[in-house]
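Protein chains in written order, with UniProt numbering: chain A, 1 to 293; chain B, 1 to 293.
First the structure, in the form of structure tokens, and then the observations on it.
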């Protein structure tokens, strides 16, 4: 029987796991960035490197990846050209490229119905009911991703300009941001002009920290951001979702900000996205072929 | 005595007026775009063309512009290089380049103290007390210009995605925008990715129109936008401004949305920006040299 490979390819690093035909994970490893959209060739290289390293970690011959069956979760899985480019060059016997969200959902919920809210630099919601998987939100920073780290950071910088102009009252958080930009609003404007979502997103964790200390601006920004998350969770509940998992880097920070009406539905994730990728590989390529794609 | 020239240089057109030594306007004319930042040479050409045409309109020899004294109001007047480029090449005997906002304020308030809120594709506030002129806001679309046409249009497209996702309830306005994009959220995302502030701003007037008909989304968006204007006006009032003028393309639309506490301070502008430029030219270069710069 062939080994199974799960890949969790992200913009910062690529993680891989190898499992036996029964789905039990034998080894894990990590390599560099696997951003299929911005750099498909480097992504491909790091996917292969992580897979080989996982085999080595498991005490297996890394040449074995060529006979293994893989499921990969990546950002931008539905953007045609770069995905085809990578798909054609993967060295595995069989491979399917899925969204990073789907492997995260599989890891978090196992085979149960429910939904995940992925709260990181961006935000996206994925609901599964039986075989049906539905995506909500996730339209990106420019016009979507409400409540995301990028949007929180953007709102903070905007608020800092209002404080500088004397339109809003100052707070320790706004003062610290102003000081970082040498109290020069033009520096903030210039930063924002060039900033990518990840650059804005780096200002989100401090907002949560300051809110804990009662900072009025941080509290106002997070109350507004949490409403956008609650609104989206309302939609998932209306679709029949009983179990909700918060995932992503901001999930633990957001937990206390989520409305009471949703708290009883929040569940801890069963496992991580990499485990989810292996589980999907098992379902599709494992001993039990009944649910193979 | 030399003639006086006022120039109102905008991104769409350039207007010029010529006045006698007493400041009485003798002729007006208009030419093409005068965007000093994006195309200083074309701007220069259109400034000269408008000035010459104003002389012709007044029955004067257009060669006379070389002996005239001018005040020009332009966007981006404080951005070094392109302004120096234009300043050095102006054919007038004397000339000063000011902000488009300052000539608008001069036109609206005459020589009185007070403030103007310029509500168009962007938003900026200018307050004058005696010789002191203070700018508030106007940091641009990315991180400022709250309440502007661009921000209202952006908020509408964002809201339309939330309606598409079933997170917010629909409204006639959101449905009409969705229909314009063939009910395909990806078309909205792609539009937003490439849109400049003016592209977003074109969606602002329909928001005001739909709000008048009771559209819930339009009403919510404008209520939120008006709060940002009211907050800025609060700041101007706290600075001692008793007289406020709303200027710019959205001014008449915004008027009923401004908070009651400000309504008694709102005044109609005395004259337009071009008249303001001529008035500044008179003050600086006219017969009465007492307030010349």
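In this text, a Cβ means the ideal position worked out from N, Cα and C, and glycines have one as well.
Here the structure is a predicted model, which means the values were calculated and not measured.
Please tell me whether residue 123/B has its Cβ less than 9 Å away from any Cβ of chain A. no
Within 9 Å, strictly: CB atoms of residue 135/B and residue 233/B: no
Continuous beta strand (DSSP E) assignments of at least 3 residues falling wholly in the segment 102-153 of chain A: 114-119, 123-129, 132-137
So residue 99/B is in the beta strand (DSSP E); what residue range does that whole segment cover? 94-99
N- and C-terminal bounds of the beta strand (DSSP E) containing residue 73/B: 69-74
Secondary structure, alpha helix (DSSP H): runs of 4+ residues fully inside the segment 168-213 of chain B: 172-180, 185-194, 197-201, 204-212
8 Å CB neighbourhood of residue 107/A in its chain, flanking five on each side removed: 269, 270, 271, 272, 273, 274, 275, 276, 277, 279
Count Cβ pairs between the segment 168-182 of chain A and the segment 139-153 of chain A that sit closer than 8 Å; are there 3 or more? no
Residue 63/B: which of 189/B, 12/B, 48/B, 211/B sits nearest, CA to CA? 48/B
Rounding to the nearest angstrom, what Cα-Cα distance links residue 201/B and residue 117/A in this structure? 32 Å
Sorted by chain position, which residues of the same chain lie with C-beta nearer than 7 Å to residue 93/A's C-beta, five sequence neighbours on each side aside? 2, 66, 67, 68, 69
So which residues on chain A does residue 161/B lean against when the C-beta distance must stay under 7 Å? 139, 143, 144
What did DSSP end up calling residue 8/B once you bin it into helix, strand or coil? strand
Is it right to say residue 255/A is buried, meaning 16 or more other beta carbons lie within 10 angstroms of its own, or is it exposed? exposed
Does residue 158/B have its Cβ less than 9 Å from a Cβ in chain A? yes
Helix, strand or coil at residue 276/B [DSSP, three-state]: helix
Under a Cβ-count criterion, where at least 16 other Cβ atoms within 10 Å of its own Cβ denotes burial, should residue 15/B be classed as buried or exposed? buried
Can you pull the DSSP bridge partners for residue 25/B? 19/B
Counting only runs of 3+ residues fully inside the segment 202-267 of chain B, write out the beta strand (DSSP E) ranges in chain order. 244-247
Buried or exposed for residue 259/A, please, with buried defined as at least 16 other CB atoms from any protein chain shown within 10 angstroms of its CB. exposed
Comparing the C-beta of residue 12/B with each C-beta of chain A, is any distance below 9 Å? no
Around the C-beta of residue 123/A, are 16 or more other C-beta atoms found within 10 angstroms, so that it is buried, or is it exposed? buried
Less than 9 Å separating the beta-carbons of residue 120/B and residue 32/B? no
For residue 296/A and residue 109/A, I'd like the C-alpha separation in whole angstroms. Any question about residue 296/A goes unanswered here, given that chain A covers just 1 to 293.
How big is the Cα-Cα spacing for residue 210/B and residue 46/B? 38 Å
Note down, in chain order, every chain B residue with its Cβ under 8 Å from the Cβ of residue 8/A. Result: empty, since nearest Cβ-Cβ is about 25 Å, beyond 8 Å.
Test: residue 197/B CB closer than 9 Å to a CB of chain A: no
Please check if any C-beta of chain B sits within less than 9 Å of the C-beta of residue 188/A. yes
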